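The next block holds one structure in the form of structure tokens; read it before the comments.
Numbering (the UniProt record's numbering), first residue to last: 1 to 123.
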């Protein structure tokens with residue numbers, strides 16, 4: 001099992017990573033962040049992506065979908081943003097957020113690595 005600091009460091013080793021966070025989507029607060037830039041404020045991203053997760057969960061509920069979210073991908077012109085709800089013990093209500101430079105990232109590998117990090121994370 002890995003702690004939050006170790007998991008954030010592992011997320012930042014993914015090719016193309018520019019910012020990583022562990023976010024509580026109940027409050028919209030980032031519990032931990034690493035990376036970011038003047039153009040990527042991870043606290044603002046955490047709060048904004050909380051609304052994305054909540055909206056998707058409401059929509060799934062309205063549709064009667066009895067499934068779980070594996071990840072949510074937002075594709076921008078120059079970046080990928082991956083939101084991965086934590087399903088392990090103690091992770092209820094949390095998600096991993098990873099922003100990637102699209103020119104340097106391999107999306108399939110990034111998703112695979114993020115899943116492995118999520119499986120090891122102990123909050």
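By construction, the Cβ of each residue, glycine as well, lies at the ideal position given by its N, Cα and C atoms.
Keep in mind the model is a prediction, meaning the values are calculated, not measured.
Bridge partners - residue 37, DSSP secondary structure assignment: 40
Looking only at its own chain, which residues have a Cβ that is under 6 Å from the Cβ of residue 20, when we skip the five neighbours before and after it? Around residue 20: 8, 11, 12, 34, 35 and 98.
Compute the Euclidean distance between the alpha carbons of residue 94 and residue 114, then round it to the nearest angstrom. C-alpha of residue 94 to C-alpha of residue 114: approximately 14 Å in a straight line.
Please name the residue in 120, 106 and 87 whose C-alpha comes closest to that of residue 75. Among 120, 106 and 87, the Cα nearest to that of residue 75 belongs to 106.
Exposed or buried, which one is residue 110 when buried takes at least 16 other CB atoms within 10 Å? buried
Between residue 64 and residue 17, what straight-line distance do the alpha-carbon atoms span, to the nearest angstrom? 35 Å
Looking only at its chain, what residues have a beta carbon closer than 8 Å to the beta carbon of residue 4, apart from the 5 residues adjacent to it on each side? 22, 31, 32, 121 and 123
Looking at the strands, I want to know which residues DSSP matches up with residue 75. Partner(s): 80.
How would you label residue 118, buried or exposed, when you count the other beta carbons within 10 angstroms and need 16 or more for buried? buried
Could you spell out the range, first to last residue, of the beta strand (DSSP E) harbouring residue 121? First-last for residue 121: undefined, no H or E at that position.
Under 7 Å between C-beta atoms of residue 73 and residue 84: No, they are not a contact pair.
Beta strand (DSSP E) segment containing residue 94, residue limits: Where residue 94 is concerned, the enclosing beta strand (DSSP E) stretches over 94-101.
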